[in-house]
Each structure stands twice: as structure tokens, then as C-alpha cells.
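Here the structure is laid out as C-alpha cells; the discussion comes afterwards.
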Amino acid sequence: QMSALGSSLSVKLEPGELFLSIAGTVGKPCITAIRACIHDGFVYFPDLKIPNKFLFYVFAGEQAYKGLGKFGTQLNLNTDTVGDIKVGIPSCGDAEKIINFLDHETAKIDTLIEKQQQLIQLLKEKRQAVISHAVTKGLNPNAPMKDSGVEWLGEVPKHWEIKKLKFLCQLQTGDKNTEDAVDDGKYPFFVRSQTIERLNSFTADCESVLTAGDGVGVGKVFHYFDGKFDFHQRVYMMNKFRFVSGKFFFHYLSNMFHKVALDGGAKSTVDSLRMPLFMNFQFTVPPESEQESIVEFLEINQNKFDALSENAIAVIALLQERRTALISAAVTGKIDVRNWKIPEAKTQRVNG
37 QMSALGSSLS VKLEPGELFL SIAGTVGKPC ITAIRACIHD GFVYFPDLKI
87 PNKFLFYVFA GEQAYKGLGK FGTQLNLNTD TVGDIKVGIP SCGDAEKIIN
137 FLDHETAKID TLIEKQQQLI QLLKEKRQAV ISHAVTKGLN PNAPMKDSGV
187 EWLGEVPKHW EIKKLKFLCQ LQTGDKNTED AVDDGKYPFF VRSQTIERLN
237 SFTADCESVL TAGDGVGVGK VFHYFDGKFD FHQRVYMMNK FRFVSGKFFF
287 HYLSNMFHKV ALDGGAKSTV DSLRMPLFMN FQFTVPPESE QESIVEFLEI
337 NQNKFDALSE NAIAVIALLQ ERRTALISAA VTGKIDVRNW KIPEAKTQRV
387 NG
């Protein structure tokens, strides 16, 4: 059983001290790398009789929370519940061997996880590049080009038109608030985030594109929907498309509007959608047949990117499960690492 814990409104910790989250991601252990100050959402361990890193791994393996709830969401932790957790204590030498083993093995797993996360980011960037090229340059690499007259758009196929958003659709806002959402409601309810809520009423029944009118979702949150739905009073709904199909409009707007959403500013977000900027946002308008081909091309590629991203996410989940299971097995003695040694680095002989 742990001998010392602490909890306070504000505590200063020196580098190398262990603390445990009891709010937010409940149960997550941390060791300070620099001097830090923690608030009452954490439990800390001022006078441990075992190495900090060993207890860190005890919590990271999640075995200590068995019977207390689900890690990260349903745990109910405080100084009393944490203090009552029983921990098997190895000898000081064995504890160091376990720490060394886990440092080495979890670092390898973390590297694999990082590579998968990098892959997901690369796929996202590639997806954006494919969409951007398709909706501004088309699918024919040999098409004659012309200057669009729009600085951020550059050249476009010579036979394409350029039109402002206000000439391509009608625009209106909703009349509902986020608080109106109903669990398991019959119809989609579009609010100012990427999350789609539900409602038992609908005020629109059409093909539409929706985007956040204010908040952090401005220039980032876009939805395409065809059917019955409702929407927030600060969500803009575009419908009754002219010259462009709804799906082409969606792909173009959701991928290109960020180029002007900040209007040259350095801020990462804007408070509200600037209506003159939005209404005068410039669109490419290919012939109808090309729009159909572009949308079909993008949907096929989107399915490929989605499959690759989902596979990477699944790999990350498996690696995280493997990491947690390995830690749990080591700190509970289910695997014997007393004779484990750090593998020697492989070297290649260079002939010269």
C-alpha cells in the first residue's frame, strides 16, 4: 500500500516527481520534467519508498484500477481511493530492472505509434492536396490554362468559369440552440461543431451544405446533407445550387475556404464568419459533366484514404493495448525480466 499522498489547491513540484490525474483523463500518471505547479485535479506522492518510475508504470499498466472503473472516463479517484490501492513491491534491484525493461520496450512501441500518427497526418495532407488540385485544375493534365484573376487560386482550365458564392446558392441560418438537442432524436441537428446532434423536428428538407457561423469551427466545420434536418441559429445553410452541384460545392468550399477564412490574419481562429468575405468567395465552375467526373474521382479517392486512415487508427489501438498489457504484466510479475538486458545495437560493417 502506498505510504504517502498529497492533494492541494496548488502544489509546486520539482523535476522527477510523480503525480496522478484525478480529473480529465482520470488515472493518467505523469512525472515532471521541469518545475511545475499542479492544482486539485491531481494527486501527488511526496514520500515514496519505491522508485517513482516503478509506481508510474503501475498506474500506466491500469492493473491498479481493476474494480474501480474504466480508465480515463469512469474512474472515481481521490486521495483515499488512490491510497487504498495495493501495489506489489519488488526489491529495489528488481524494480530498477523492471523500469529499464519497460523504458526500452515502451519506447519501441511509442516509436511505432508515432509513425502511424505521422502516416495519418500525411494521408490527411495528401487528401487535401488531391481535392484542391481536382477542384481547381481538373482531371485533365493537358487542359489549356488561364489566369483566374484570384491570387490564391492561380491558374484554372481555360474553359472554366469563376463565380462568387452569392451567385451559386441561397443562404440562411437556423433558429435552434445547442440546448435543443435530443438524445436519439429522429433527425440530424447541425450545430457549430463537426459533431452532429439529433432533434425530433426538422426545418429543412433539401440538398444542402452547412458551415459554422461563429466560434472555433469557422472555416473548419462543413457538412453535406440531402434530406430532412434542423440547424443551429449560428449555422449557415446553403441550398438551391445554381451552376454547380451540391457535392462539387461542398468539396470546393470545405477544402478551399480556409485559404481566405482568416483574411490574411495571423490568428488560428476567427470569432465569426465575415459575411462579405464569405459571400464574395470565388468558386471555379467547370462544365456540369466535369463536375460529375471530379466528384466521382474524389469520392473514390476518399474511400481509399479513409480505409488507410482507419487501418492506421486500428494499428495504433492494438499497439496501445499491447503497451498497457506489457506494462501490467511486468509490474505484477507475470513476466520475469530479472535476467533481461538491453539488446546490443546492431552495427553494419562498411567495406571500403
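Numbering-wise, the sequence shown is residues 37 to 388 according to our numbering. By construction, the Cβ of each residue, glycine as well, lies at the ideal position given by its N, Cα and C atoms. Fair warning: this is a prediction, and the values are worked out from it, not measured in the lab.
Spatial neighbours of residue i within its chain, please: C-beta separation below 7 Å, excluding the five flanking residues on both sides.
i, result
"residue 283", "260 and 331"
"residue 191", "181, 182, 183 and 184"
"residue 286", "245, 258 and 260"
"residue 125", "86"
"residue 51", "68, 69, 70 and 71"
"residue 141", "362"
"residue 302", "Any reading at residue 302 is ruled out, since the residue's pLDDT is 35, under 50, leaving its predicted position unreliable."
"residue 372", "none"
"residue 216", "235"
Between which two residues does the beta strand (DSSP E) holding residue i run?
i, result
"residue 204", "Here residue 204 belongs to no beta strand (DSSP E), and DSSP marks it neither H nor E."
"residue 72", "72–75"
"residue 231", "Looking at the DSSP string, residue 231 is not in any beta strand (DSSP E), and its letter there is neither H nor E."
"residue 268", "Counting along the chain, residue 268 falls outside any beta strand (DSSP E), and DSSP gives it neither H nor E."
"residue 46", "46–49"
"residue 244", "240–248"
"residue 225", "223–226"
"residue 55", "54–57"
"residue 78", "78–80"
If residue i and residue j are in contact, beta carbons under 8 Å, what's the gap, nearest whole angstrom?
i, j, result
"residue 138", "residue 63", "Actually they do not touch by this definition, with Cβ atoms about 18 Å apart."
"residue 341", "residue 159", "5 Å"
"residue 320", "residue 196", "5 Å"
"residue 202", "residue 316", "7 Å"
"residue 163", "residue 327", "The Cβ separation is near 19 Å, so there is no contact."
"residue 352", "residue 153", "7 Å"
"residue 210", "residue 239", "7 Å"
"residue 314", "residue 204", "With 8 Å as the limit, residue 314 and residue 204 do not qualify as a contact, their Cβ atoms being about 12 Å apart."
"residue 212", "residue 266", "6 Å"
"residue 135", "residue 89", "5 Å"
Between the options, which lies nearest to residue i when the distance is taken from Cα to Cα?
i, options, result
"residue 46", "87, 74, 52 and 232", "74"
"residue 241", "252, 225 and 232", "225"
"residue 49", "146, 257, 83 and 162", "83"
"residue 119", "58, 213 and 245", "58"
"residue 254", "152, 294 and 316", "294"
"residue 308", "248, 281 and 352", "248"
"residue 186", "296, 264 and 165", "296"
"residue 77", "356, 271 and 115", "115"
"residue 145", "380, 266 and 360", "360"
"residue 219", "212, 121 and 236", "236"
"residue 178", "194, 166, 189 and 188", "194"
"residue 324", "355, 174 and 210", "174"
"residue 335", "166, 123 and 188", "166"
"residue 148", "376, 355 and 377", "355"
"residue 348", "161, 150 and 121", "150"
Grab me the residues of residue i's own chain with a C-beta within less than 8 Å of its C-beta, minus the 5 sequence neighbours each way, in chain order.
i, result
"residue 364", "97, 98, 99 and 370"
"residue 168", "291 and 292"
"residue 374", "130 and 133"
"residue 300", "The predicted position of residue 300 is uncertain, since its pLDDT is 46 and thus under 50; a value taken from the coordinates is nonetheless stated next. Contacts found: none."
State the beta-bridge partners of residue i as determined by DSSP.
i, result
"residue 318", "200"
"residue 191", "183"
"residue 140", "According to DSSP, residue 140 bridges with nothing at all."
"residue 258", "247"
"residue 67", "54"
"residue 308", "250"
"residue 275", "206"
For residue i, which residues in the same chain have their Cβ closer than 6 Å to its Cβ, ignoring the five residues on either side in sequence?
i, result
"residue 214", "227"
"residue 93", "138, 363 and 367"
"residue 208", "273"
Starting from residue i and walking both ways along the alpha helix (DSSP H), at which residues does that stretch end?
i, result
"residue 352", "324–367"
"residue 88", "88–96"
"residue 297", "294–297"
Answer yes or no: does any C-beta atom of chain B fall closer than 9 Å to that of residue i?
i, result
"residue 232", "Of the protein chains in this structure there is only one, and it is not chain B."
Hey, would you say the C-beta of residue i is under 8 Å away from at least one heavy atom of the ligand MG?
i, result
"residue 114", "You won't find the ligand MG in this model; it holds no ligand whatsoever."
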